[in-house]
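Reading through the structure tokens given below for one structure.
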Amino acid sequence: MAEAFNDLTLPDDKAARYATVAVEIAAVLDGEPNRTARMATIASMLAASFDHFFWTGFYVVDPERERELVVGPYQGTLGCLRIAYGRGVCGAAAATGQTQLVPDVHAFPGHIACDGRSASEVVIPVFDAAGALIAVLDVDSTELAAFDEVDVEWLEAILRNSFT
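Counting in this note's numbering, the sequence shown runs from -10 upward without gaps.
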């Protein structure tokens, strides 16, 4: 299945592209129970599908450290290793359980610059079937205002379908 995805021509329209990618992700993940494998696959497939995704990956809830995220599977430049709940965009998503759509990261109070080239960001909390936070998906772009409600809607749907 992965070989077919690598050769797939994706639509130019963003919503249509997400729809196609969502179906492909679901097909590749079908039957795979391991969360790390699921996260790595999602990060890889999303990063390969959208040219403006500069950094795409997961920060995972660390069960050994209270209210702290640790870097998980990702595609991109070196990421921050650990992020406390409430710190930066990822920490805000973890602390509130709410998606963070940030058109200009430099205007976000307490933004953590893991890579100074990042200009905008969307962070989606990831919950398990019981409703517990297990991770956040972090997508950064070097372009200002690179993400919108279409990204939020589709990324939330992909994660909901992949982890609950």
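Glycine included, each C-beta is placed from N, C-alpha and C at the ideal position. What you are looking at is a predicted structure, and each value in this text was computed from that prediction instead of being measured.
**Prompt:** How would you write the range of the beta strand (DSSP E) that Tyr7 sits in, first residue to last?
**Reply:** Within the sequence shown, numbered from 1, the residue matching residue 7 stands at position 18. Boundaries for Tyr7: no beta strand (DSSP E) harbours it, while the alpha helix (DSSP H) harbouring it runs 3 to 18, taken from the DSSP string.
**Request:** Mark Asp40 as exposed unless 16 or more other C-beta atoms lie within 10 angstroms of its C-beta, in which case mark it buried.
**Result:** Translated into positions along the sequence shown, residue 40 becomes position 51. It counts as exposed.
**Request:** Please decide whether Arg6 counts as near chain B, where near means a Cβ-Cβ distance under 8 angstroms.
**Result:** Going by chain labels, chain B is absent from the structure shown, which holds only one protein chain.
**Prompt:** Which residues share a DSSP beta bridge with Tyr63?
**Reply:** Here residue 63 is taken as the residue at index 74 of the sequence shown, counted from 1. Under DSSP, the beta-bridge partners assigned to Tyr63 are Gly46.
**Inter-residue Cα distance where the pair is Ala84 and Phe47** = Looking up residue 84 in the sequence shown gives position 95. Looking up residue 47 in the sequence shown gives position 58. Taking the straight line from one Cα to the other gives about 15 angstroms.
**Prompt:** Between which two residues does the alpha helix (DSSP H) carrying Leu35 extend?
**Reply:** Residue 35 sits at position 46 when you count from the first residue of the sequence shown. DSSP places Leu35 inside the alpha helix (DSSP H), whose first and last residues are 24 to 38.
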